[in-house]
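Protein chains in written order, with my numbering: chain A, 3 to 306; chain B, 575 to 719.
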């Protein structure tokens, strides 16, 4: 059984308030039966320095990622991972993390690929919990293994692959990387290891909205009105648009995916997790350099 | 192929001797041991150079002495333990070494810690970037001396 939703008037403004919990709610519900709290960080060692009491660590690189197929784990491995963390199909999973929940949103997105129904983000993440002086622990929680069914990943709804992004050209794209990554600008210095991509720039017509714009200074999500100003007025999205978001490897764009899907209520939002690491290196796909979104290429390259 | 200096070689050996699953714990131990900045730098943050390639803020200062002995100082916040861990490995392995030993450290040194299955490639690049900046600073300061 999932836990009751938080009745927080502040979340009523969002399209799907059931996807958020506050630090107050979590503090009051810690230890509740069928609640599993997961910490998903950009800095892999951070959990060990102290975490929310009872929270377990989840790591995208070693646990959600399959190094052999360069893809997310399959249904069987996900089921095994969930069981080992005491998560059953009807558990309420609350995920939080460092850096305004950037990697927490990524983990939530992967949970959604497997259709785990009740998965929520802790608004404000790890930083807010700590800033409020709440309790942390370095104790590794004891876990009673659960049973989790093998559910195959559904990549068709919230995930886009490169050929689908090529087909999508002409529809809204949001590039959530930093302005320097978007324009393709690079600071050249001796002994400076280059990023992984061969070409710098962005996907033609993509609007630049760095992911962190959606987060307030305390790491919580901005108000719906502020988010609408950013994504509707500045980036030019319209309600009902079919949107694809991308970044470097799909982790920052998961944060934006969460905002568009669950806070602003877009029905069709996909995260292109191949992102710039794939697009920037792929043979026969066009890019645009500089600050302008760029035009749709007449000849879209060999692959389009 | 150039060789690791003895202190760094010892650290690499230390990492390779623990099982893969425990290497992150070892890196965490290092992160706790990163020395504080000495007063002459702690009071002058403008002297610190930021390593922008790291995912978390890391500042470093390289001082090449008249005797060509190199002092290394790092600063990274507690909420960036991985970055602190890498900095601490370089501090323990290279601080106080002769300039020529530092310049001879192979570029692939970070890979030899055996962490590439536990840490994302971007993280590993962050450590390579730290090493690259240290070497560049050493080269520049030797040339200016």
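Note that the Cβ used here is the ideal one computed from N, Cα and C, for glycine as well.
Inset, instruction - Look at the alpha carbon of residue 278 of chain A and the alpha carbon of residue 675 of chain B, and state the distance between them as a whole number of angstroms. - result: Working through the first chain from its first residue, we reach residue 278 of chain A at position 276. Working through the second chain from its first residue, we reach residue 675 of chain B at position 101. Going from the Cα of residue 278 of chain A to the Cα of residue 675 of chain B covers about 38 Å.
Legend entry - Residue-level contact to chain A via CB, residue 659 of chain B, 8 Å cutoff: On the second chain, position 85 is the one that residue 659 of chain B refers to. Yes - at least one Cβ of chain A is within 8 Å of the one on residue 659 of chain B.
Inset, instruction - Would you mind telling me which residues of chain A sit closer than 8 Å to residue 555 of chain B, beta carbon to beta carbon, in chain order? - result: As shown, chain B starts at 575 and ends at 719. That puts residue 555 of chain B outside it, with no answer to give.
Inset, instruction - Less than 8 Å between the CB atoms is what I'm expecting for residue 632 of chain B and residue 657 of chain B, so what's the real figure, rounded? - result: For the purposes of this step, residue 632 of chain B is taken as the residue at position 58 of the second chain. For the purposes of this step, residue 657 of chain B is taken as the residue at position 83 of the second chain. Going by Cβ atoms, the distance from residue 632 of chain B to residue 657 of chain B rounds to 5 Å, so yes, they are a contact pair.
Legend entry - Collapsed DSSP secondary structure at residue 116 of chain A in the structure displayed: Reading the first chain from its first residue, position 114 is the one you call residue 116 of chain A. Looking at residue 116 of chain A - three-state DSSP - the assignment turns out to be coil, as it is neither helix nor strand.
Legend entry - Contiguous beta strand (DSSP E) assignments of at least 3 residues, all confined to the stretch 131 to 216 of chain A: Whole beta strand (DSSP E) segments, 3+ residues: 175 to 177.
Inset, instruction - List the DSSP bridge partners of residue 59 of chain A. - result: By 1-based counting over the first chain, the position of residue 59 of chain A is 57. Answer by DSSP bridge pairing, in chain order: A:41.
Legend entry - Buried or exposed by the 16-neighbour rule on C-beta atoms within 10 Å, applied to residue 614 of chain B: Residue mapping note: residue 614 of chain B aligns to position 40 of the second chain, counting from 1. Under this definition residue 614 of chain B is an exposed residue.
Inset, instruction - Please report the residue range of the beta strand (DSSP E) in which residue 13 of chain A lies. - result: Taking the first chain and counting its residues from 1, the one referred to as residue 13 of chain A is at position 11. No beta strand (DSSP E) contains residue 13 of chain A, which DSSP labels as neither H nor E.
Inset, instruction - Using a Cβ-Cβ cut-off of 8 Å, state whether residue 694 of chain B counts as contacting chain A. - result: For the purposes of this step, residue 694 of chain B is identified with residue 120 of the second chain, where counting begins at 1. Output row for residue 694 of chain B: interface = yes.
Legend entry - Coarse secondary structure for residue 94 of chain A, derived from DSSP in three states: The count along the first chain starts at 1 and reaches residue 94 of chain A at position 92. The answer is strand: DSSP assigns residue 94 of chain A an E or B state.
Inset, instruction - Using a threshold of 8 Å, state whether the C-beta atoms of residue 232 of chain A and residue 245 of chain A are closer than that. - result: For this step, residue 232 of chain A is matched to residue 230 along the first chain. For this step, residue 245 of chain A is matched to residue 243 along the first chain. Against a cut-off of 8 Å, the Cβ pair of residue 245 of chain A and residue 232 of chain A comes out as no contact.
Legend entry - Alpha-carbon spacing of residue 177 of chain A relative to residue 645 of chain B, whole angstroms: Here residue 177 of chain A corresponds to residue number 175 of the first chain, with the count starting at 1. Here residue 645 of chain B corresponds to residue number 71 of the second chain, with the count starting at 1. Rounded to whole angstroms, residue 177 of chain A to residue 645 of chain B spans 42 Å at the Cα level.
Legend entry - C-beta contact flag for residue 679 of chain B and residue 582 of chain B at 8 Å: For the purposes of this step, residue 679 of chain B is identified with residue 105 of the second chain, where counting begins at 1. For the purposes of this step, residue 582 of chain B is identified with residue 8 of the second chain, where counting begins at 1. Their beta carbons are under 8 Å apart, which means residue 679 of chain B touches residue 582 of chain B by this criterion.
Inset, instruction - Could you say which of A:33, A:203, A:287, A:49 lies nearest to residue 169 of chain A if we only look at CA atoms? - result: Taking the first residue of the first chain as position 1, residue 169 of chain A is located at position 167. That would be A:287, whose Cα lies nearest to the Cα of residue 169 of chain A.
Inset, instruction - Answer with yes or no whether the minimum CB distance from residue 605 of chain B to chain A is below 8 Å. - result: For the purposes of this step, residue 605 of chain B is taken as the residue at position 31 of the second chain. Interface residue, yes.
Legend entry - CB contact below 8 Å: residue 50 of chain A versus chain B: The residue given as residue 50 of chain A occupies position 48 in the first chain. True, the Cβ-Cβ gap to chain B drops below 8 Å.
Legend entry - Alpha carbon of residue 652 of chain B to alpha carbon of residue 298 of chain A, nearest angstrom: Counting from 1 along the second chain, the entry for residue 652 of chain B is found at position 78. Counting from 1 along the first chain, the entry for residue 298 of chain A is found at position 296. Cα to Cα, residue 652 of chain B sits roughly 45 Å from residue 298 of chain A.
Legend entry - Unbroken beta strand (DSSP E) run spanning residue 273 of chain A, endpoints: For this step, residue 273 of chain A is matched to residue 271 along the first chain. That run of the beta strand (DSSP E) goes 271 to 274.
Inset, instruction - For residue 252 of chain A, verify whether its CB is less than 7 Å away from any heavy atom of the ligand SAH. - result: The ligand SAH is not part of the structure shown, which contains no ligands of any sort.
Inset, instruction - Find out if the Cβ-Cβ distance for the pair residue 25 of chain A, residue 131 of chain A is shorter than 8 Å. - result: In the first chain, counting from the first residue as 1, residue 25 of chain A sits at position 23. In the first chain, counting from the first residue as 1, residue 131 of chain A sits at position 129. Yes; because the gap between Cβ atoms is below 8 Å, this pair is in contact.
Legend entry - Three-state class that DSSP yields for residue 694 of chain B in the structure shown: The residue you call residue 694 of chain B lines up with position 120 of the second chain. In this structure, residue 694 of chain B counts as coil in the three-state DSSP scheme.
Inset, instruction - Write down the C-beta distance between residue 673 of chain B and residue 638 of chain B rounded to the nearest angstrom, noting that I regard them as a contact closer than 8 Å. - result: Your numbering for residue 673 of chain B matches position 99 in the second chain. Your numbering for residue 638 of chain B matches position 64 in the second chain. Between residue 638 of chain B and residue 673 of chain B the Cβ distance is about 6 Å, and since that is below 8 Å, they are a contact.
Inset, instruction - Would you check if the stretch 153 to 160 of chain A and the stretch 123 to 137 of chain A touch, i.e. whether three or more CB-CB distances between them fall below 8 Å? - result: no
Legend entry - Residue-level contact to chain A via CB, residue 673 of chain B, 8 Å cutoff: In the second chain, counting from the first residue as 1, residue 673 of chain B sits at position 99. No, no contact with chain A.
Legend entry - Residues of its chain near residue 259 of chain A, where Cβ-Cβ distance is below 8 Å and the 5 sequence neighbours each way are ignored: The count along the first chain starts at 1 and reaches residue 259 of chain A at position 257. Excluding sequence neighbours, residue 259 of chain A sits near 107, 111, 160, 247, 271, 272, 273.
Inset, instruction - Please name the residue in B:718, B:654, B:667, B:595 whose C-alpha comes closest to that of residue 580 of chain B. - result: Position 6 of the second chain, counted from the first residue, corresponds to residue 580 of chain B. Cα-wise, what sits closest to residue 580 of chain B is B:667.
Inset, instruction - Would you please verify whether the beta carbon of residue 60 of chain A is less than 8 Å from any beta carbon of chain B? - result: Taking the first chain and counting its residues from 1, one reaches residue 60 of chain A at position 58. Taking Cβ atoms only, chain B never reaches closer than 8 Å to residue 60 of chain A, which makes this a no.
Inset, instruction - Check whether the Cβ of residue 654 of chain B lies closer than 8 Å to any Cβ atom in chain A. - result: As a working note, residue 654 of chain B is residue 80 in the second chain. Interface flag for residue 654 of chain B against chain A is set, since a Cβ pair is found closer than 8 Å.
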